[in-house]
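Novice: The sequence shown runs 1 to 198 under full-length UniProt numbering. No residue lacks a Cβ here, since even glycine has one placed at the ideal position from N, Cα and C. Values in this document were obtained by computation on a predicted structure and should not be read as measured data. For reference, the structure I am asking about is given below.
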Amino acid sequence: MVEVNLVGLGIGAALTLTAVALHLSKGTGWTSTTDISQEVLERRAESVPETDFPEPMNRAIGAGGGGAVAAGAVAGEEEGAELEGGEAAEESGPWDVPDDEAETFEIEFTKEGDTIEVAENETVLEAGEDAGWDMPYACRQGQCVSCAGQITSGGNAEDYVVHDDQQMLDDNELGDGYTLTCVAYPKDDFTIETGEAP
Ligand code: FES
Numbered sequence: 001m002v003e004v005n006l007v008g009l010g011i012g013a014a015l016t017l018t019a020v021a022l023h024l025s026k027g028t029g030w031t032s033t034t035d036i037s038q039e040v041l042e043r044r045a046e047s048v049p050e051t052d053f054p055e056p057m058n059r060a061i062g063a064g065g066g067g068a069v070a071a072g073a074v075a076g077e078e079e080g081a082e083l084e085g086g087e088a089a090e091e092s093g094p095w096d097v098p099d100d101e102a103e104t105f106e107i108e109f110t111k112e113g114d115t116i117e118v119a120e121n122e123t124v125l126e127a128g129e130d131a132g133w134d135m136p137y138a139c140r141q142g143q144c145v146s147c148a149g150q151i152t153s154g155g156n157a158e159d160y161v162v163h164d165d166q167q168m169l170d171d172n173e174l175g176d177g178y179t180l181t182c183v184a185y186p187k188d189d190f191t192i193e194t195g196e197a198p
C-alpha cells in the first residue's frame with residue numbers, strides 16, 4: 001500500500017510541477033503579423049499607369065488617402081484645358097450649320113445618272129447613300145481613299161467642297177478635282193464621278 005501511494009504521489013507531484021512550469025514559462029512569444037496593407041496599396045499605386053483624366057477610386061486608394069484630392073485637381077486642370085483649347089480643337093465648318101439654315105447645292109452624280117440636292121451640312125457620301133446608291137467607302141474619316149471621287153466641273157476640288165480634315169489627297173490631286181466624299185461638304189454645284197481615286 002505504502003509503495004503504491006508513493007508512486008501516485010510522485011506522479012501527482014510531477015504533473016503539478018509540469019503544470020506550474022508551463023504556467024510560468026513565456027511560451028513561444030506570439031506576436032501579430034506586420035500590417036502590410038499600406039505597402040501593398042502603395043505598390044499597387046505605382047503599378048497603375050498615370051492618366052491625364054480623373055479616375056474613380058483606384059487613384060484615390062493609390063495615393064494613400066491624398067488621391068481623392070489629386071483626382072479633383074486633375075479634373076480641375078482638365079476643365080481648364082477644355083475651356084482654353086475647346087475652340088481650337090473643334091474647328092467649326094459647314095457641318096455645324098443647323099438643318100433649317102443649311103444652303104443646298106445641285107450635285108450631278110455621273111455614274112448614278114442623277115442630280116440631287118445636297119445640303120451644305122451633309123457629306124457627298126451621305127447624300128449619295130440617302131439617294132439609295134451603293135457608294136464606296138471604308139473609314140469614313142478622310143483617312144483612306146475608298147470613297148474618293150473626281151469632280152469633273154473643272155478646277156480644284158476645294159472650289160466645290162469643304163473637306164473636314166482629309167489627310168490623303170495632296171495639292172496636285174485636289175487640283176485635279178479629286179475629293180474624299182466621306183468628308184466633303186458641298187459649297188457649290190458640281191458634277192462628280194464616284195469611285196475614282198487618283
Ligand atoms: S472612306 Fe476613307 S477617306 Fe472616305
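(1) For E173, which of helix, strand or coil comes out of DSSP?
(2) Specify the secondary structure class of D189 as computed by DSSP and reduced to three states.
(3) Kindly indicate the opening and closing residues of the alpha helix (DSSP H) around V124.
(4) Do P198 and Y160 have their C-beta atoms closer together than 8 angstroms?
(5) Could you give the DSSP three-state label for A148: helix, strand or coil?
(6) Quick one, which of I116, T152, K111, A157 has its alpha-carbon nearest P136's?
(7) Return yes when at least one heavy atom of the ligand FES lies under 7 angstroms from the C-beta of Y178, else no.
(8) Given 7 angstroms as the limit, tell me if G195 has its C-beta closer than that to any heavy atom belonging to the ligand NAD.
(9) Can you name the start and end residues of the beta strand (DSSP E) that E117 belongs to?
(10) Measuring only the C-alpha atoms, how far is L180 from E101?
(11) Leaving out five residues before and five after G85 in sequence, what residues of the same chain have Cβ atoms less than 8 angstroms from its Cβ?
(12) Go through its chain and collect everything with a Cβ distance to A81's Cβ below 8 angstroms, but skip five positions before and after it.
(13) Indicate the three-state DSSP secondary structure (helix, strand or coil) for V183 in the structure shown.
(14) State the DSSP-derived secondary structure class of V40, mapped to helix, strand or coil.
(15) Who are E106's beta bridge partners in DSSP?
(16) Using DSSP with H/G/I as helix, E/B as strand and the rest coil, what is T194?
(17) Going by C-alpha distance, which of D165, T191, G175 is nearest E91?
Specialist: Reading it off the structure:
(1) Within the sequence shown, residue 173 is the residue found at index 173, counting from 1. In the three-state reduction of the DSSP assignment, E173 falls in the helix class, which pools H, G and I.
(2) As a working mapping, residue 189 is identified with position 189 in the sequence shown. The three-state reading of DSSP puts D189 in coil, since its state is none of H, G, I, E or B.
(3) Taking the sequence shown and counting its residues from 1, the one referred to as residue 124 is at position 124. Element bounds for V124: 124-130.
(4) Against the sequence shown, residue 198 aligns to sequence position 198. Against the sequence shown, residue 160 aligns to sequence position 160. No, the Cβ-Cβ distance between P198 and Y160 is not below 8 angstroms.
(5) Along the sequence shown, one-based indexing puts residue 148 at 148. DSSP places A148 in strand when its eight states are reduced to three.
(6) The residue given as residue 136 occupies position 136 in the sequence shown. For P136, the nearest C-alpha among the options comes from K111.
(7) In the sequence shown, residue 178 corresponds to position 178, counting from 1. Every heavy atom of the ligand FES is 7 angstroms or more from the Cβ of Y178, so no.
(8) As far as ligands go, the structure on display features the ligand FES and does not contain the ligand NAD.
(9) Taking the first residue of the sequence shown as position 1, residue 117 is located at position 117. 114-119 is the span of the beta strand (DSSP E), which, as asked, contains E117.
(10) For the purposes of this step, residue 180 is identified with residue 180 of the sequence shown, where counting begins at 1. For the purposes of this step, residue 101 is identified with residue 101 of the sequence shown, where counting begins at 1. Whole-angstrom Cα-Cα distance: 24 angstroms.
(11) Within the sequence shown, residue 85 is the residue found at index 85, counting from 1. A caution first: G85 carries a pLDDT of 47, below 50, which makes its placement in the model unreliable, though a value can still be read off. None.
(12) If you number the sequence shown from 1, residue 81 lands on position 81. Low local confidence applies: a pLDDT of 47 at A81 is under 50, so the model's placement there is unreliable, with the coordinate-based value given in what follows. Cβ neighbours of A81 beyond the five flanking positions: none.
(13) Taking the sequence shown and counting its residues from 1, the one referred to as residue 183 is at position 183. Of the three classes helix, strand and coil, the one that applies to V183 here is helix, per DSSP.
(14) Looking up residue 40 in the sequence shown gives position 40. DSSP places V40 in helix when its eight states are reduced to three.
(15) As a working mapping, residue 106 is identified with position 106 in the sequence shown. In DSSP, E106 forms a bridge with E117.
(16) Within the sequence shown, residue 194 is the residue found at index 194, counting from 1. Here T194 sits in strand by DSSP.
(17) In the sequence shown, residue 91 corresponds to position 91, counting from 1. Checking every option, the nearest Cα to that of E91 belongs to D165.
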